[in-house]
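In UniProt numbering, the protein residues as written are 1 to 577.
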């Protein structure tokens, strides 16, 4: 057709229009033939063996080339075939080689609902491959998908788009790209304006992932938006929405926005048992709280539980339990200089709940997520000196319970790490430090963990032992001895092996070798390993004496920047859904 245009020169001539009409007829016949042939191949491909033969013949390459055509019916059929093939990695590799993302993006611009829907489904299948996710971001797909989120959009298309964006948000480097694509306002409207009791899980899960990025969290966490989300979360007891708010509370600049809702969080927390029985997610308040607190601890739910089926009741209890756990985790994140955590624990009746909960763990199998968040809350409270005294000195057994958890939960690295963080914060205060060193076995347990396989645990153990050594000479010598033995363990093992040889090989009292040769050994020059270890502690310089009026702020470990660098260790729960 292009040659005819050049030959005729006149695009409006009758001859040109005749050739153009003939060309269109031929193209339509060709596309019709393609459609019939591809439809036949699609039906034959129901057998996996036949599909594998087609792949070896290059069917993926042929279908990808057909994406450049403009016939909607043919594009729908080709896209459906590619969607069927995209469940196997071998076909995905062929699609990558044929630049399928670049060819497929243009199909979204065609205003055909069926084609749009099947194209989005194919994009969703392709989004599970890391290389194809990178190609989607490079082609600007997140920006193109923003128009498919909203009230006037086909719900089926919106759900697929949310799943595509969710797959992109699983990689940290694409979180900000998705957040800056312009879809955040629409996502927030979907969350806040949902008529269901719980917001759409796909939408909330996407925003939960985005909230792990600091810049994206600032875009999400406007004060008014946080307040609206908190009101909806406590009104409907939505655990996913509370998980989103918990992720936002990880960032210091957003933490003050949650202070006004501390009573609501405490009300949800005190109804939660640290050790629920099997098959029951939530223990009722009357089994856990004193009788006089039952009226104040009522959740005042705005909806009723369907009592006709046990499954619905179990789902309700699990939902309530998950919501309370997220409230507990959010409260554990609120470490603010202007917040009197001691007053919060006292006024909101959280301290008795913490003590009773930790004591019950010894009698029943613990629930890991509740136990972990409770320990994190204790660590946050231990940063305040008065709260630390309440937890340790005023008739409490919190420290003793934490020590017992080091034995019972020693395989759980996250719980062990959080317990060590509690000990670290308690050692920064003079009175609690003296209590931990002289009245508990904390130094012994920390020494046992100083060579743990987990780097984060080893690091915090070193810091804790340094603080203990600075304030107790006896423990300073023991720590030095332990570190010496560990550092020279291979050499000491060789010496012990030498001493344990049979007498015929070497006798300490003998001054001549067994073969009678003149190989003499002067026993006065032999140094035994036992004597060496006895004097090992004296080889090191004594630790410096602490100043007479040292406080937590005088310690080198109390420097805020040091603590920030020390504990900037990723945890096992990232907030991603």
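Glycine residues also receive a C-beta, built at the ideal position from the N, C-alpha and C atoms. Note that the structure is predicted; figures quoted are calculated from it, not measured.
Whose C-beta lies closer than 7 Å to the C-beta of residue i among residues of the same chain, with five residues either side of it excluded?
| i | result |
| --- | --- |
| residue 160 | 120, 121, 124 |
| residue 483 | none |
| residue 424 | 460, 463, 464 |
| residue 296 | Annotation note: pLDDT 37 at residue 296 (below 50); position unreliable, coordinate value reported separately. None. |
| residue 419 | 375, 402, 405, 406 |
| residue 184 | 219, 220 |
| residue 454 | 413 |
| residue 382 | 388, 391, 422, 425, 426 |
| residue 351 | 345, 390 |
| residue 251 | 214, 217 |
Anyone know if the C-beta pair for residue i and residue j falls short of 8 Å?
| i | j | result |
| --- | --- | --- |
| residue 217 | residue 248 | yes |
| residue 69 | residue 31 | yes |
| residue 242 | residue 331 | no |
| residue 220 | residue 233 | no |
| residue 582 | residue 206 | For the chain, the structure presents residues 1 to 577; residue 582 sits outside this window and is missing. |
| residue 267 | residue 335 | no |
| residue 587 | residue 107 | Since the first and last residues shown for the chain are 1 and 577, residue 587 lies out of range. |
| residue 457 | residue 412 | no |
| residue 581 | residue 126 | It is not possible to answer for residue 581, since the shown part of the chain is limited to 1 through 577. |
| residue 39 | residue 85 | no |
| residue 384 | residue 342 | yes |
| residue 140 | residue 186 | no |
| residue 91 | residue 56 | no |
| residue 60 | residue 94 | yes |
| residue 179 | residue 152 | no |
| residue 230 | residue 192 | no |
| residue 393 | residue 432 | yes |
Compare the Cα-Cα distances from residue i to each of the options and report the closest residue.
| i | options | result |
| --- | --- | --- |
| residue 403 | 367, 380, 384, 359 | 359 |
| residue 138 | 52, 174, 89 | 174 |
| residue 374 | 238, 45, 399 | 399 |
| residue 320 | 336, 240, 393 | 240 |
| residue 149 | 64, 163, 456 | 163 |
| residue 198 | 236, 57, 318 | 236 |
| residue 272 | 367, 228, 252 | 367 |
| residue 44 | 17, 26, 81, 72 | 81 |
| residue 450 | 54, 494, 480, 133 | 480 |
| residue 443 | 475, 413, 333, 182 | 475 |
| residue 208 | 170, 228, 195 | 170 |
| residue 224 | 60, 256, 48, 202 | 256 |
| residue 155 | 477, 260, 194 | 194 |
| residue 253 | 23, 61, 222 | 222 |
| residue 325 | 351, 393, 109, 371 | 371 |
| residue 438 | 468, 417, 410, 452 | 468 |
| residue 73 | 263, 59, 33 | 33 |
| residue 356 | 228, 397, 66, 88 | 397 |
| residue 105 | 87, 133, 88, 15 | 133 |
| residue 339 | 262, 351, 453 | 262 |
| residue 144 | 117, 228, 109, 130 | 109 |
| residue 452 | 472, 477, 416 | 416 |
| residue 345 | 89, 440, 378, 472 | 378 |
| residue 66 | 35, 409, 190 | 35 |
Give me, in chain order, the residues of the same chain whose beta-carbon lies closer than 6 Å to that of residue i; leave out the 5 immediate sequence neighbours on both sides.
| i | result |
| --- | --- |
| residue 353 | 270 |
| residue 329 | 246, 373 |
| residue 18 | none |
| residue 176 | 213, 215, 216 |
| residue 181 | 142, 143, 146 |
When the cut-off is 8 Å and only beta carbons count, does residue i lie next to chain C?
| i | result |
| --- | --- |
| residue 443 | Of the protein chains in the structure, only one exists, and it is not chain C. |
Could you name the residues of the same chain whose beta carbon sits closer than 8 Å to that of residue i, not counting the 5 residues immediately before and after it, in chain order?
| i | result |
| --- | --- |
| residue 128 | 167 |
| residue 102 | 135, 139 |
| residue 117 | 154, 156, 157, 160 |
| residue 553 | Confidence is the limiting factor: at residue 553 the pLDDT is only 40, short of 50, which leaves the residue's position unreliable, though a coordinate-based value still follows. Around residue 553: no qualifying Cβ. |
| residue 172 | 212, 213 |
| residue 410 | 416 |
Given 8 Å as the limit, is there contact between the region 374–388 and the region 425–436, that is, 3 or more CB pairs closer than that?
-> These segments touch.
Between the region 85–100 and the region 110–120, do at least 3 Cβ pairs fall closer than 8 Å?
-> Flag = no, the region 85–100 and the region 110–120 do not touch.
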